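Engineer:
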Amino acid sequence: MEGLFPVWGWWIYAGIIIFTVVTAVMFLINKKYTAMSAFVVPVVLITPFVLVMLIIEAPYPVNEALFIYQEVINFNWQALLFTAMNLFIIIWWTGLLFHRRKKVF
63 MEGLFPVWGW
73 WIYAGIIIFT
83 VVTAVMFLIN
93 KKYTAMSAFV
103 VPVVLITPFV
113 LVMLIIEAPY
123 PVNEALFIYQ
133 EVINFNWQAL
143 LFTAMNLFII
153 IWWTGLLFHR
163 RKKVF
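In my numbering, the protein residues as written are 63 to 167.
#1: What are the boundary residues of the alpha helix (DSSP H) that includes P176?
#2: So for V124, helix, strand or coil by DSSP?
#3: Could you check if E133 is buried or exposed, using at least 16 other CB atoms within 10 Å of its CB as the buried criterion?
#4: Check for me: the alpha helix (DSSP H) holding N92 runs from which residue to which?
#5: Quick one: Cα of P121 to Cα of L142, how far?
#6: Let's see if you can read the secondary structure: which residues bound the alpha helix (DSSP H) around F144?
#7: Is the segment 74-83 touching the segment 99-109 in the sense that three or more CB pairs, one from each, lie closer than 8 angstroms?
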């Protein structure tokens, strides 16, 4: 596959997706951050399918990141949806990593 990401890059992307789903399900089971975790699971599962549907439209020798950027500039709904989903996942992870618990004295 030509483009921006070699095969190992796609494996890393798949690993991040799987790790995010497992983490969100663990939070749901432990009843922590249930609203965001319940929303992130379907978002994470749908995101790769939106990416595949978007990349199918690309010309063959394509840089995926540049193609998605051009499609966002052209207001392609799939590119905008893919970008919004990834931003939501990044915001979810940022919220988990930088969440500070209230101290009880």
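Glycine is no exception: its CB is placed at the ideal position from the N, C-alpha and C atoms. Bear in mind that the values here come from a model prediction, so they are computed numbers and not experimental data.
Structural biologist: Reading it off the structure:
#1: No information on residue 176 is available, as it lies outside the stretch 63 to 167 that the chain covers here.
#2: Working through the sequence shown from its first residue, we reach residue 124 at position 62. Of the three classes helix, strand and coil, the one that applies to V124 here is coil, per DSSP.
#3: By 1-based counting over the sequence shown, the position of residue 133 is 71. Buried, by the Cβ-count rule.
#4: For this step, residue 92 is matched to residue 30 along the sequence shown. Segment: none, N92 is in no alpha helix (DSSP H) and carries neither H nor E.
#5: Taking the first residue of the sequence shown as position 1, residue 121 is located at position 59. Taking the first residue of the sequence shown as position 1, residue 142 is located at position 80. Computed Cα separation, rounded: 19 angstroms.
#6: For the purposes of this step, residue 144 is identified with residue 82 of the sequence shown, where counting begins at 1. Here the alpha helix (DSSP H) through F144 covers W139 to L159.
#7: yes
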